[in-house]
Amino acid sequence: MTHAEAKERLGKLRQEIDRYRYEQHVLDALSISEAALDALKHELFQLEQTFSDLITPDSPTQRVAGKALEGFRKVTHTVPMLSLEDVFSREEADAWLLRVAKLGSGSVFDFFAEIKMDGLALSLVYRDGQLVEGSTRGDGRVGEDVTMSIRTIEAVPLALRQPSAREIDAFCKRHYGSINERRVRTFLRDLSGEIEIRGETFMTKEQLRSLNQLLETRGQPPLANPRNAAAGSIRQLDPSVVAERRLSFFGYTLIADAGTTTHEQAHEMIALLGVPQNPLNRFCRDLNEVERFHREVMECREDLAYWCDGIVVNVNNDELFRRLGVVGKTPRAAMAWKFPAEQGTSIVREIQVSVGRTGALTPVAVLDPVSLAGTTVTHASLHNEDEIERLDLRIGDTVIVEKAGDVIPKIIQVLPKLRTGKEKTFHMPKECPICGSAVTRREGEVATFCTNRECFAQELARLLHFVGRRMFDIRGLGDKIAEQMIQRGLVHEPSDIFSLTPGDLLTLEGFAELSSKKLVTEIQAHREVTLDRFIHALGIRHVGEETAADLARAFGTVQDFIETSKDDLLRIDGVGEVMADAILEFLHDRREQGRVQRLLQQVKVVSVIKRSTDLPLSGTIWVFTGTLSSLSREEAKERVRALGADVSESVSKKTSYVVVGEEAGSKADKARELGVKILDEDEFLKMVEEE
Ligand code: IVH
Numbered sequence: 096m097t098h099a100e101a102k103e104r105l106g107k108l109r110q111e112i113d114r115y116r117y118e119q120h121v122l123d124a125l126s127i128s129e130a131a132l133d134a135l136k137h138e139l140f141q142l143e144q145t146f147s148d149l150i151t152p153d154s155p156t157q158r159v160a161g162k163a164l165e166g167f168r169k170v171t172h173t174v175p176m177l178s179l180e181d182v183f184s185r186e187e188a189d190a191w192l193l194r195v196a197k198l199g200s201g202s203v204f205d206f207f208a209e210i211k212m213d214g215l216a217l218s219l220v221y222r223d224g225q226l227v228e229g230s231t232r233g234d235g236r237v238g239e240d241v242t243m244s245i246r247t248i249e250a251v252p253l254a255l256r257q258p259s260a261r262e263i264d265a266f267c268k269r270h271y272g273s274i275n276e277r278r279v280r281t282f283l284r285d286l287s288g289e290i291e292i293r294g295e296t297f298m299t300k301e302q303l304r305s306l307n308q309l310l311e312t313r314g315q316p317p318l319a320n321p322r323n324a325a326a327g328s329i330r331q332l333d334p335s336v337v338a339e340r341r342l343s344f345f346g347y348t349l350i351a352d353a354g355t356t357t358h359e360q361a362h363e364m365i366a367l368l369g370v371p372q373n374p375l376n377r378f379c380r381d382l383n384e385v386e387r388f389h390r391e392v393m394e395c396r397e398d399l400a401y402w403c404d405g406i407v408v409n410v411n412n413d414e415l416f417r418r419l420g421v422v423g424k425t426p427r428a429a430m431a432w433k434f435p436a437e438q439g440t441s442i443v444r445e446i447q448v449s450v451g452r453t454g455a456l457t458p459v460a461v462l463d464p465v466s467l468a469g470t471t472v473t474h475a476s477l478h479n480e481d482e483i484e485r486l487d488l489r490i491g492d493t494v495i496v497e498k499a500g501d502v503i504p505k506i507i508q509v510l511p512k513l514r515t516g517k518e519k520t521f522h523m524p525k526e527c528p529i530c531g532s533a534v535t536r537r538e539g540e541v542a543t544f545c546t547n548r549e550c551f552a553q554e555l556a557r558l559l560h561f562v563g564r565r566m567f568d569i570r571g572l573g574d575k576i577a578e579q580m581i582q583r584g585l586v587h588e589p590s591d592i593f594s595l596t597p598g599d600l601l602t603l604e605g606f607a608e609l610s611s612k613k614l615v616t617e618i619q620a621h622r623e624v625t626l627d628r629f630i631h632a633l634g635i636r637h638v639g640e641e642t643a644a645d646l647a648r649a650f651g652t653v654q655d656f657i658e659t660s661k662d663d664l665l666r667i668d669g670v671g672e673v674m675a676d677a678i679l680e681f682l683h684d685r686r687e688q689g690r691v692q693r694l695l696q697q698v699k700v701v702s703v704i705k706r707s708t709d710l711p712l713s714g715t716i717w718v719f720t721g722t723l724s725s726l727s728r729e730e731a732k733e734r735v736r737a738l739g740a741d742v743s744e745s746v747s748k749k750t751s752y753v754v755v756g757e758e759a760g761s762k763a764d765k766a767r768e769l770g771v772k773i774l775d776e777d778e779f780l781k782m783v784e785e786e
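With this note's numbering applied, the sequence shown covers 96 to 786.
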């Protein structure tokens with residue numbers, strides 16, 4: 096990016112971030128996700144790192160979030176309340192450490208890692224052990240006096256707890272040599288003067304849920320997220336309303352001359368003083384341990400009683416922490432290692448059009464790499480023309496991208512305010528980008544299709560589909576090989592692969608005598624398939640694995656399937672109008688009929704067991720519990736399934752038989768209770784053998 100481009104981008108980013116900050120902090124109604132806003136802030140921060148001469152005093156990075164609200168007395172913090180720089184990956188964490196290690200060269204770096212609760216930072220000031228003032232962060236320098244509200248939070252002690260002499264001894268013993276023992280003893284004994292404890296107030300998931308229920312019954316709007324909930328609650332002017340909100344609190348910073356030398360010790364001391372702290376926080380010897388902690392918390396975050404959006408990593412040594420200093424509003428010696436966001440921002444560089452197995456043209460956005468949910472995303476399907484129109488997406492746009500769990504990435508929103516004017520509108524091509532044939536978009540349909548069934552892209556996609564794991568399962572026939580087979584004219588349609596000889600394959604790139612033979616053997620070994628796989632392999636629109644299995648069960652033979660009618664199809668569970676039409680269109684297409692016949696000359700289709708009602712155990716439900724001596728539980732289940740039975744994991748009134756082995760547990764009791772027929776192993780074997 097050139098200097099001028101950076102300047103323009105920075106200006107737009109700042110404006111946009113400020114607008115969202117206003118929504119978030121003043122209106123309490125952020126219109127995009129926090130993760131998306133974080134991504135914009137992160138881009139701004141990174142860009143300012145590269146073009147540091149372009150940092151302006153009014154940049155959002157130079158200002159601390161929030162502003163003291165009118166209606167509350169202002170409190171000036173004796174030590175500013177800072178915030179943290181975010182990192183999103185191990186690489187960024189490494190880069191952070193590299194930066195601080197350079198500045199603090201020669202020192203040993205170990206860390207105290209904490210859970211980053213999603214709430215609101217508070218400062219609690221105790222004088223001679225009594226809570227005298229509590230405030231919010233505000234702009235970091237000046238916050239709001241919310242003492243009255245804080246006094247209703249049960250987790251916040253109104254008076255600091257006096258540790259016992261034994262506890263003080265134990266603390267000193269544990270940290271012998273690394274604390275100023277005399278100071279620690281006086282501090283903990285007297286609790287005199289001013290002691291400030293900072294921490295996070297937050298609402299548990301359970302609490303927010305019941306509060307929202309309550310608000311709903313009162314016809315009030317629910318609180319959108321935990322941060323808004325904590326912030327909104329603490330700012331209630333009526334303390335009884337705050338009390339009803341049941342906020343929690345964990346301490347994380349001690350500001351006092353307490354004789355400690357590490358962050359870890361300060362945490363221990365906070366706990367001794369009666370302020371709760373997160374029990375999951377942990378000392379980490381190096382960044383690998385920090386990374387492990389990060390991963391562990393991420394894996395269990397669903398089960399935690401509160402929301403957290405990452406971990407906070409502190410250089411443990413206080414002296415070093417101070418020496419590393421502050422840049423802007425963030426201390427160098429700490430950072431927030433966020434959990435991978437499921438939303439982020441990126442720029443659409445190009446829109447490519449791919450052609451699928453059915454000939455459908457799918458526009459795909461090519462994105463600047465963005466890290467989402469732990470993976471790097473560079474492409475997002477745009478599905479069809481209408482979707483692009485709905486998003487009002489142009490090439491060059493900045494967009495919000497989402498990747499939730501294992502779902503494929505999608506663009507959920509365009510940020511038009513970040514446009515430069517150079518963005519280009521996308522038009523669906525009039526010709527297939529692969530074969531150049533005309534495309535059509537049928538009345539009432541969203542998809543555009545290539546009209547040429549011989550289109551290379553379609554042939555390739557069909558072939559790859561055909562050999563896939565859940566279809567003919569032919570290993571060693573990947574994209575590169577399939578591409579060559581079609582290009583060289585060796586294969587036009589899937590059935591052609593069965594006549595390939597080792598000699599044919601030798602002409603392909605990367606094939607030698609042995610590998611050619613191997614692939615041919617592999618292909619020949621897969622001439623036999625079950626009907627469900629056969630139907631799935633045909634590549635009929637809308638017919639996936641599940642439907643193929645339903646169809647196979649319903650028809651039993653290829654012939655019955657091929658000769659089906661719409662009425663027959665609609666009678667099958669899970670087959671609707673659209674699917675039935677797609678199946679019939681395929682079966683009635685002359686060219687497809689030819690393909691199916693040619694395929695049937697090459698392969699043998701074995702029928703799947705028809706789940707009919709005339710098998711001996713049809714209609715019965717079986718439960719197995721305990722250990723059987725002559726066969727495994729899986730084998731036992733297979734035996735009854737083969738006879739038409741269904742197997743279930745739990746006993747209910749519908750259960751027909753419970754087979755009880757050694758050390759059977761509660762399922763046998765339940766069966767007795769419900770009067771379900773119980774069989775021991777011998778009785779069971781006798782029964783299935785008779786059948
Ligand atoms: S330490 C220098 N520790 O995250 C900043 N902050 O992004 C000192 N937060 O404003 C903060 N849990 O509201 C720290 N264990 C924790 C935290 C934590 C949540 C919040 C806090 C802070 C923000 C920084």
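Note that the Cβ used here is the ideal one computed from N, Cα and C, for glycine as well.
All of these numbers come straight from a predicted model, not from anything done at the bench.
Residue i classed as buried or exposed, judged by whether at least 16 other C-beta atoms fall within 10 angstroms
i    : result
M96  : exposed
Q144 : exposed
N411 : buried
K699 : exposed
D487 : exposed
C527 : buried
D627 : buried
V174 : exposed
T470 : exposed
C550 : buried
K498 : buried
A361 : buried
K772 : exposed
R787 : Past the edges of the chain, shown from 96 to 786, lies residue 787, and the structure says nothing about it.
A740 : buried
T520 : exposed
Beta-carbon gap between residue i and residue j smaller than 9 Å
i    : j    : result
T625 : L510 : no
G327 : A216 : no
R380 : F206 : yes
T171 : V237 : yes
E386 : A188 : yes
E180 : F146 : no
beta-carbon residue i near the ligand IVH non-hydrogen atom, thresh 8 Å
i    : result
D148 : no
T425 : yes
R116 : no
M176 : yes
E209 : yes
L43  : The first residue shown for the chain is 96 and the last is 786, placing residue 43 beyond what the model contains.
R232 : yes
A351 : no
L342 : no
M212 : yes
Spatial distance of residue i from residue j (CA atoms)
i    : j    : result
V159 : Y271 : Because the pLDDT at V159 is just 43, under 50, the model does not fix this residue reliably, and the value given afterwards should be weighed accordingly. Cα to Cα, V159 sits roughly 39 Å from Y271.
D153 : L555 : 55 Å
V251 : I245 : 7 Å
H358 : P426 : 14 Å
R444 : G516 : 14 Å
F282 : E276 : 10 Å
T453 : R636 : 7 Å
L226 : M393 : 35 Å
E784 : L710 : 14 Å
E391 : Q302 : 25 Å
L601 : S594 : 14 Å
F345 : N373 : 6 Å
E776 : S725 : 8 Å
E730 : V746 : 20 Å
DSSP bridge partner residues for residue i (one or two, in chain order)
i    : result
A208 : R377 and V408
F629 : Answer is none; F629 lacks a bridge partner.
A190 : None, per the DSSP bridge assignment.
Any C-beta of chain C under 9 Å from that of residue i
i    : result
E187 : Here there is only one protein chain, and chain C is not present.
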